[in-house]
Amino acid sequence: MNIGTRKILDRSFTAVGIGSIIVMALALMFVVVPIVTNGIGAVFFTGTVEHRKMLFNEFKRGDSQGLSSEVASSDRYRSKVYDMLTGFEAELETMAPEKKKEYKEKYAQVRSAVQALLGPLPGDSTPMLTRFKYGQTRWEKAEEKLHDLLYESKWDNSNPNVMSKEYFVSRAIGFEGTSLVKLFPYVKDNLEKMLLPDFTVYWGFITDSSVDSHFFGGIWPEIQGTFFLAIGAMLFAFPLGVVAAVYFTEYAKPGFLNSMLRSANSTLAGVPSIVFGMFGLAFFINTMKVSESKSVIAGALTLAIMILPTIIRAAEEAILAVPKTYREASLSLGSTKWNTIATVILPAALPGILTGAVISLGRAAGETAPIIFTAAVSVGSAIGLADVFSSPTPALSWNIYNLASEHEAASQIRHVQYGMVLALVSIVLLLNLSAIVLRARISKKLKG
Amino acid sequence: MIKKILLFVTLLALTVTATGIAAVNTIVLDGSTTVGPVAKTFAAYFSKKYGIRVTVSESGSGNGAKSLINGSCTIATMSRAMKDAEIAAARKKGVNPVASVVALDGLAMVVHPANPVRSLTKAQISSIYRGTITNWREVGGPNTRIVVIQRESNSGTEESFKDLVIGKGVQITGSAETQSSNGSVKSRVSTTLSAIGFLGHGFVDGSVKVIAVNGILPTVATVKNGSYPVSRPLYFYTNGQPSGPVKQFIDLPKTVEGKRMITELGFINR
Chain A
2 MNIGTRKILD RSFTAVGIGS IIVMALALMF VVVPIVTNGI GAVFFTGTVE
52 HRKMLFNEFK RGDSQGLSSE VASSDRYRSK VYDMLTGFEA ELETMAPEKK
102 KEYKEKYAQV RSAVQALLGP LPGDSTPMLT RFKYGQTRWE KAEEKLHDLL
152 YESKWDNSNP NVMSKEYFVS RAIGFEGTSL VKLFPYVKDN LEKMLLPDFT
202 VYWGFITDSS VDSHFFGGIW PEIQGTFFLA IGAMLFAFPL GVVAAVYFTE
252 YAKPGFLNSM LRSANSTLAG VPSIVFGMFG LAFFINTMKV SESKSVIAGA
302 LTLAIMILPT IIRAAEEAIL AVPKTYREAS LSLGSTKWNT IATVILPAAL
352 PGILTGAVIS LGRAAGETAP IIFTAAVSVG SAIGLADVFS SPTPALSWNI
402 YNLASEHEAA SQIRHVQYGM VLALVSIVLL LNLSAIVLRA RISKKLKG
Chain B
14 MIKKILLFVT LLALTVTATG IAAVNTIVLD GSTTVGPVAK TFAAYFSKKY
64 GIRVTVSESG SGNGAKSLIN GSCTIATMSR AMKDAEIAAA RKKGVNPVAS
114 VVALDGLAMV VHPANPVRSL TKAQISSIYR GTITNWREVG GPNTRIVVIQ
164 RESNSGTEES FKDLVIGKGV QITGSAETQS SNGSVKSRVS TTLSAIGFLG
214 HGFVDGSVKV IAVNGILPTV ATVKNGSYPV SRPLYFYTNG QPSGPVKQFI
264 DLPKTVEGKR MITELGFINR
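Protein chains in written order, with my numbering: chain A, 2 to 449; chain B, 14 to 283.
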């Protein structure tokens, strides 16, 4: 090959390399940036007085004097809205029956839009569901609801041969000539005074339990459940994995059985996680009866089996990487084989073993499929350590899925879902970072 | 180093134990995603009022029945009645399933809000799902292919829909798309102009348009008096007659508070 061709090949390879790195970085950015920006919104956001009311009533947090003065000042502006509504209700009674019927339906829409914005109106009975007890707690949601109040969405289906197009009609026009027409500009101009938006830092999102299936409150039970499951899995998988790796590398005689075992282990590493989930349900819960129903322990055992092959492989590689001279030196000093493994080889292999273990820990924290049937529930309180043998737990990975697809009001609580995603990504990142730090420290110590 | 890690783990364990409260006993609910909102709300209300832990999983009516048969849940939430085969399997294992109606639910047929079609007959819906009507033009809509959305085989909503609309044993068209929960049917329909799907009444919101079946829209009144043709009861199944806290939980739909929760969630009291 002449030098010219080689240079061209070399350059084009560099270009492809750089290109793929850029593509990867962009992909990462597309994934991470929305997660971070939206996820942070669960903790840092512009909260309204309704949020502070909710915190005080549901969590007994906040300063009651400050709150009552805020409520008083917002009520001054709200009372006018309520007066306009009752005024129109009276006017409605005086209308001719036909007109009354026409306005009644439109008025019902306005009333429920105001309810959605400001919470229950005076005279309404207190709702049972916490989600209806308060108005909008987040300012950006309040602005959306304001739009719903000011404009009615209609669909233009004048042409039956194509799909309709959406357009918005100002509700104020529909009430032209009645007393209610004043309500719309009033609410628009005074919404800030009625809801008192203020920059809010809600750390409770991390430390509180959820209220009314994640409408309010935080995700502590999910975070705790994730830790329980991941650490529980590690408690089972780590000792087993290291022992197996020692057996494979030090004791097993090369032969048919050994190579079968190894390839079985490699195959197990490639089994889809849902298979482990079904296995966990069938074996640990239905056959072994480790618990009566779903429980943390059943989930942890299932996850342990899932991560076991990875831990065995990492430990094997780490043990094999220990220089032969260490072993020879130890044996030549008269040490036994077992003593050599325990005092020389395992400590030297520890950084590698730990790295594998912590990466598996991250995987155990993030997996959904194995815990669907063995450990995860969509609603449940935080559980104590004593309950891991009998109780299931909510966990981040499963609840993210639940909120994305099954929740009846998924579109209203996107911020909670993003917050959960950010929490999970941060936990996994933290675990991986700690693996790097741990590894660095141990290798430094070993080098002396 | 290892000592430090051990210390850290112990500390973590201790703090966690300190914050957690050991439960006396637990009521475990498993099953339908349609009953999910009611189950979750009842669970929160019940554990707050009586201090008994209630956990809720939403894995589908079929799974709820299986869990009850295997003895891994206290209450199976189901959006259809148990089938004979399931009852037989339960009896074999010494489980005696007892049904209790939670609420009524109108199965709403939903399309994208842009779809001009307002009403379909039961026969038309049946034809759409059997694959004999494939274009909206055939039912008075624009000239677009119909995207048919159904639920997974594990779903009680799917079974009820089959029983009530297209008849038992009739195959749904192979081109129908399968979604695994009410929520995902809703999000699929709200983002697909030419889609049709069915949802539990409690899941309907402004992002989709409910169409009338035989000219009747699902409302509290029409479902209650049975004039809406696609409605069904939702069930709690227990092993044997419930007693103690489980009975209290099962009886929540009969209390004033329970009735109000059901109404606020968009379901219909019996």
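All C-beta atoms, glycine included, are put in the ideal place defined by N, C-alpha and C.
Chain B has a Cβ within less than 8 Å of the Cβ of F133 of chain A.
By the C-beta density criterion, V123 of chain B is buried, having at least 16 other C-beta atoms within 10 angstroms. With three or more CB-CB distances shorter than 8 Å, the stretch 156-165 of chain A counts as touching the stretch 152-166 of chain B.
For S70 of chain B, the enclosing beta strand (DSSP E) stretches over residues R66 to E71. CA-to-CA, the gap between I306 of chain A and D388 of chain A works out to about 22 Å. In the DSSP assignment, the residues bridged to F46 of chain A are A:T201. Residue B:S203 holds the alpha-carbon nearest to the alpha-carbon of V223 of chain B among B:S203, B:A234, B:S60 and B:N238. With distances taken between CA atoms, N76 of chain B lies nearest to B:M95 out of B:R66, B:D264 and B:M95. Listed by position along chain B, the residues whose Cβ is nearer than 9 Å to that of S444 of chain A form an empty set, because the closest Cβ is around 11 Å away.
For L347 of chain A, the enclosing alpha helix (DSSP H) stretches over residues L347 to G367. Distance check between T38 of chain A and each of A:E167, A:Y135, A:N433 and A:R415 places A:R415 closest, using alpha-carbon atoms only. For the stretch 71-86 of chain B, the set of positions with a beta-carbon nearer than 9 Å to some beta-carbon of chain A reads E71, S72, N76, S80, N83, G84, S85 and C86 in chain order. The beta carbons of Y108 of chain A and G120 of chain A sit no closer together than 8 Å.
In the structure shown, the three-state DSSP call for A387 of chain A is helix. A residue is called buried when at least 16 other Cβ atoms come within 10 angstroms of its Cβ; G381 of chain A meets this threshold and is buried.
Between the stretch 141-154 of chain B and the stretch 238-248 of chain B there are fewer than three C-beta pairs closer than 8 Å, too few to call the two in contact. The C-beta of W156 of chain A comes closer than 8 Å to at least one C-beta of chain B.
For the C-beta of L130 of chain A, the chain B residues within less than 9 Å are, from N- to C-terminus, T54, R273, M274, E277 and L278. Three or more Cβ pairs drawn from the stretch 362-370 of chain A and the stretch 228-244 of chain A lie within less than 8 Å of each other, which places the two stretches in contact.
Cβ contact annotation for Y104 of chain A (same chain, cutoff 8 Å, sequence separation greater than five): L93, M96, F176 and T179, in chain order. Residues of the stretch 203-228 of chain A with a C-beta less than 7 Å from any C-beta of chain B: D213, S214 and Q225, listed in chain order. For P393 of chain A, the chain B residues whose C-beta falls within less than 7 Å of its own C-beta are T68, listed in chain order. By the Cβ neighbour-count rule, H148 of chain A is exposed, with fewer than 16 other Cβ atoms within 10 Å of its own. Contact check for W204 of chain A against V44 of chain A passes: the beta carbons are separated by less than 8 Å. Scanning A:T326, A:S435, A:S154 and A:V345 for the CA closest to the CA of A358 of chain A turns up A:S435. In the displayed model, Y152 of chain A falls within a strand according to three-state DSSP. Taking G218 of chain A as reference, the option from A:L86, A:D190 and A:R53 with the minimal CA-CA separation is A:R53. The stretch 212-228 of chain B and the stretch 258-273 of chain B do not touch, with fewer than 3 CB-CB distances between them shorter than 8 Å. Each residue's CA atom was taken as its position, placing G253 of chain B and I437 of chain A some 55 Å apart.
For I373 of chain A, the chain B residues whose C-beta falls within less than 8 Å of its own C-beta are S72, listed in chain order. Counting along the chain, no beta strand (DSSP E) covers Y108 of chain A; the unbroken alpha helix (DSSP H) around it starts and ends at P98 to L119.
Closest in C-alpha terms to L262 of chain A, from the list A:P310, A:A301, A:S294 and A:V188, comes A:P310. The beta carbon of R328 of chain A sits closer than 8 Å to the beta carbons of T341, V345 and I346 from its chain, once the five residues preceding and following it are set aside; these are given in chain order. Under the three-state reduction of DSSP output, P186 of chain A falls in the helix class. Within chain A, no residue has its beta carbon less than 9 Å from that of G187 of chain B; the closest one is some 23 Å off. Secondary structure of Q163 of chain B (DSSP, three-state): strand.
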